[in-house]
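Notes follow the structure.
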Amino acid sequence: MATATATPKVNYIGLPILDYRGGKSTLCAGCGHNAISERIIDAFFEMGVEPERVMKMSGIGCSSKSPAYFMGRSFSFNSVHGRMPAISTGAILANHTMTTIGVSGDGDTASIGMGQFVHLLRRNLPMIYIIENNGVYGLTKGQFSATADLGSRLKTGVVNDLPAIDTCALAIQLGATFVGRSFSGDKKQLLSMLKAAIAHKGTVLLDVISPCVTFNDHEGSTKSYKFMQENDEPINEIGFVASFDEIEVDYDSGEIYEVEMHDGSNLRLRKLLEDYDPTDKANAVRTLMESSENDEILTGVFYINTEKPTFIDQLNLVDEPLGTLPESLTRPPKPALDALMAALK
Amino acid sequence: MATADLALGQPEGALSTRQRVTNDFSINVATVNGSGSQSANSVLLKSIFAMGVPVSGKNLFPSNIAGQPTWYIIRASKDGYVARKHDSEILVALNPETAQADVLALPAGGVVIHEENLKLDQARGDLFYYPVPFDKITAAICPEAKLRKLVKNMVYVGAVAQVLAIDLGVVESCLLRQFAKKQKVFDLNFGAVKAGFDYAQANLTKQDPFFIERMNATAGKIIIDGNAACGMGAVFAGVTVVAWYPITPSTSVVEATTDLLKKLRVTPEGKASFAVVQSEDELAAIGMVLGAGWAGARSMTATSGPGISLMAEFSGLGYFAEIPGVIFDVQRSGPSTGMPTRTQQSDLLSVAFLSHGDTKHIILLPGSMKDCFELSMAAFDLAERMQTPVFVLSDLDLGMNNWMSEPFDYPVKPLDRGKVLTAEDLKRLGSFARYRDVDGDAIGWRTLPGTRHPKAAYFTRGSGHNDAAGYTENPDEYQAVMERLALKFEKARKLVPAPIAVRDAGSKIGFLAFGSTDCALTESLDQIRKRYGVEADYMRIRAWPFAQAIHDFVAAHERIYVVEQNRDAQLASLLKLDLPAEQVIKLRSILHYNGLPVDAESITEVFAHQEGL
């Protein structure tokens, strides 16, 4: 007690990490989703994002509950099953000055939500879209989802005989501009990826393998901790240098793929897969397709494009949020109505 | 020549000596869709309007791109009636496929202006026939074969104008307005009108009794369709986010809105103060509306029956999480795909309780063009004040047909953006509970995303929540929220657009109706008075939940006729849920649901039968 009070560590904007925490998780102990929530907290803290400037979106499912467990000072919308894209689109149209992070699951995205998901990708809606992917429906006690791998087995012994939907390949093909896969157990990779995601302008799709300890962590599952530890094949090692960090690192430029992010920060991808170019769309899709034939789970940043206009750019919106424009800018004046009436007489 | 014309035009028997009928008949132009007759019909309608004669136009069209029968009915009415008339006296028969049936449907003494080679004059002896060689006339004045289909329409405009004594100069000036800045197009079209007019003048002898005569009953009035009026309302309500999925007959709501936004809401720097998104389906459309409403935007969508069905789940979320949004439902004939291009008022019950659980929604019911404009604006204010989705139920008849109206008035009240706390408010208050009724109005205060205060954020969810927006499965907390929502809905009775006592003469008989039924009902009430000497009162309902005045109206009458355009008496059903048991027994229904806009005769007939008149 006699020790001097330690000043809590604060971030770039002077906030302690406590200001980025949320409510206590009600998910199972050991659930991969909790680890992802922790990384989200770290990423927003380290990036110095004001919590009040963040919207947290979700659909329905275990994953979609998790926004309650991080960043309690941010505005949150837990919507209906599979419809996070539409709710997010509307919210972002109303206020495009916010940073938006959405948390969905494999059922919420790849089954009931597929219709909206693909259109969100097409629009390059500026938001971070995380799929907490465990291959099963948790809240309804362990049915296969559409991302479960062909041949993987449920606890009950049921074998999945349908191919998995690769949401990353889909996202690359359909227009997302930052696509990666990670593993809830890989703290370093996931944190770097999330920080880069915050710096990116456009749709970020992160498929995070997140084992379900209750229904899908057994032998025969391809979404278990053990399986991921054995089969995780990173294609690149991710380094992220925020715009306000003044770190200079020497590196061999032949091994590093460097991306200048929209906010001035730097994403440095150390190539682990020979000659992998994360701006080559076709190669990225081919690489993913080939990997699914082996038992490899590729992780890393598969694709990035910092040039493509976002949905907000395309709509050419005013700089201020549409939601709070004053009446003087939204209700046309009387002469406008008079002119319309005169033309109809 | 004259003798031959007489023989052609003259019907058998006493009908030829019928009295002159001025400014009180309908013209039915029977064509095929895709033939481009719309602008010709519009010129005809506007010419009659410009002669000071009250007029309305109804397009009875197929759900098809081209080649199917379509009828455009123009009604001239010196008394100002704008409902569909049960019969049309004048037929312009241009569609060989339907010509026989159309001729048979005419009342005795009717008129047929038809393509000469159709030989329709064999069909009946009690009509006036005016054969016109439309194709020959068109070919002579229009060397370009591919334009002839369009030009031919203007030839019938000329012929009709001549037969009915519509002033050619007026037609000319209407055409000039329609094709302003396009001299060549005007020349070609007016040439066609003139050719039709000249042919009729030289070759037809007027035998029928129908005339358009100048009067002064349209001065200062406008002609507009309900969808355009709704779009205008949305724009003058300051809408900022529009998300929609195309569906007949609502599409032109968004088209009108978008046109106006592009015209009126682009900044000098060329930036848009609005977003219009054509979404992937209606689920996404209402999702975007609610997302935008949550984040502070005035947001809307427009749809019709099938879209409403798809919006059910999200509507419940909007109700329970208390999020503003405006949904236009331009009703068409259901169930299922139904008849997409025919009208009905059959979404009332499904919209009232749209979604599972104890869900109910505020519904506004425009019944005129001015209503379409004003209730659209009111919908945005109410949605934000009451923090809930608000539905505006129009229908195909209101939405897509041409109506005469008084011009719209500029709103006098500023926008009501509802109860929103700013960062400054929070500094003063310290904190807030999103769903707590602190003012006794059953409405909590909300914050918008981005409000810079550590206590500004709350967690929005469709799952059970307490008044602080926290997750709950606690019976008392859940029930308290449900009770407050019910109370909020009760309070809406006083905030929604009031019903209008259209006729209030202290009769024992009262009528209740809403929406596009109004025009036919007011005409029917005149018929009832003239034919049976019965004076009846009439109150037009403009919103659900029902205002106290509607209860009072029912209580003040012995018998109440509820007139509506659906099979299942949906308005009457809603009334039965709302009224005390001793009042419910007063209700009787007059229903019309064949897809055509209801007409006065149909109402009068059922009423007379039920009253034993």
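Line order of the protein sequences matches chains U and Y.
Heads up: the first sequence runs through residues 1 to 345, numbered per the working numbering.
Heads up: the second sequence runs through residues 1001 to 1613, numbered per the working numbering.
Backbone N, C-alpha and C fix where the C-beta goes; we use that ideal spot for every residue, glycine too.
Membership of Y:P1131 in any alpha helix (DSSP H) is not indicated; the residue belongs instead to the beta strand (DSSP E) covering 1128 to 1132.
Using a Cβ-Cβ cut-off of 8 Å, Y:H1453 is close to E52 of chain U, given in chain order.
If you draw a straight line from the Cα of U:G72 to the Cα of Y:W1294, it is about 18 Å long. Within 7 Å of the CB of Y:K1271, the CB atoms of chain U belong to N316, L317, V318, in sequence order along the chain. Residue ranges of uninterrupted beta strand (DSSP E) with 3 or more members, entirely inside the stretch 52 to 101 of chain U and ordered along the chain, are 54 to 58, 75 to 78.
Contact annotation: the stretch 1289 to 1303 of chain Y touches the stretch 1226 to 1245 of chain Y, with at least three C-beta pairs closer than 8 Å.
For U:N236, no alpha helix (DSSP H) segment is defined; the enclosing uninterrupted segment is the beta strand (DSSP E) at 236 to 241. A Cβ of chain U is located within less than 8 Å of the beta carbon of Y:Y1410. Excluding its 5 nearest sequence neighbours in each direction, Y:S1524 has C-beta neighbours in its own chain below 6 Å: A1600, I1603, T1604, listed in chain order. Y:R1148 is not a Cβ neighbour of Y:A1159, given a cutoff of 8 Å. Between U:G180 and U:L206, the gap from beta carbon to beta carbon is short of 8 Å. Fewer than three Cβ pairs drawn from the stretch 1276 to 1286 of chain Y and the stretch 1216 to 1231 of chain Y lie within less than 8 Å of each other, which leaves the two stretches out of contact. Taking U:P16 as the centre and dropping the five residues before and after it, the same chain places the C-beta of P8, K9, V10 closer than 8 Å to its C-beta, in chain order. At the C-beta level, U:P234 and U:Q189 come within 8 Å of one another. Counting only Cβ-Cβ distances below 9 Å, U:L93 has contacts in chain Y at T1240, V1241, A1243, A1275, V1277, M1288, G1291, A1292, A1295, A1297, S1299, in chain order. Secondary structure in the stretch 1070 to 1115 of chain Y: the alpha helix (DSSP H) runs of 4 residues or longer, each lying completely within the stretch, are 1096 to 1104 in chain order.
In terms of Cβ geometry, U:S79 and U:V103 do not form a close pair [threshold 8 Å]. Annotated as distal: U:S111 and U:T100, with beta-carbon spacing of 8 Å or more. By the Cβ-count criterion, Y:S1333 is buried, with 16 or more other Cβ atoms from all chains shown falling within 10 Å of its own Cβ. Looking at Y:D1102, Y:C1142, Y:L1421, the one whose alpha-carbon comes closest to that of Y:L1127 is Y:D1102. For Y:P1449, the nearest beta carbon of chain U is closer than 8 Å to its own beta carbon. In the DSSP secondary-structure assignment, Y:S1589 is bridged to Y:V1562. Only those residues of the stretch 12 to 25 of chain U whose C-beta falls short of 7 Å from the nearest C-beta of chain Y would be listed, and there are none. In the DSSP assignment, Y:M1404 falls within the beta strand (DSSP E) that extends over 1403 to 1405.
Taken in chain order, the whole beta strand (DSSP E) runs of length 3 or more contained in the stretch 1289 to 1356 of chain Y are 1299 to 1303, 1325 to 1331. DSSP places U:F311 in the uninterrupted alpha helix (DSSP H) bounded by 311 to 315. With respect to Y:I1048, Y:I1073 sits apart: the two C-beta atoms are not nearer than 8 Å. Between U:T330 and Y:S1273 a beta carbon distance of about 6 Å is seen, short of the 8 Å cut, so the two are scored as contacting. Cβ-Cβ separation between Y:V1242 and U:G90: approximately 11 Å, too far for a contact (criterion under 8 Å).
Bridge pairing for Y:D1395: Y:Q1331 [DSSP]. Put simply, the backbone Cα of U:A336 is about 8 Å away from that of Y:L1264. Y:E1280 reaches chain U at G115, Q116, H119, counting residues in chain order whose Cβ is nearer than 7 Å.
8 Å or more divides the Cβ of U:H218 from the Cβ of U:H262.
Note: U:V259 is bridge-paired with U:L267 in the DSSP secondary-structure output.
The stretch 1020 to 1027 of chain Y and the stretch 1252 to 1266 of chain Y do not touch, with fewer than 3 CB-CB distances between them shorter than 8 Å. Closer than 8 Å to the CB of U:S76 there is at least one CB belonging to chain Y.
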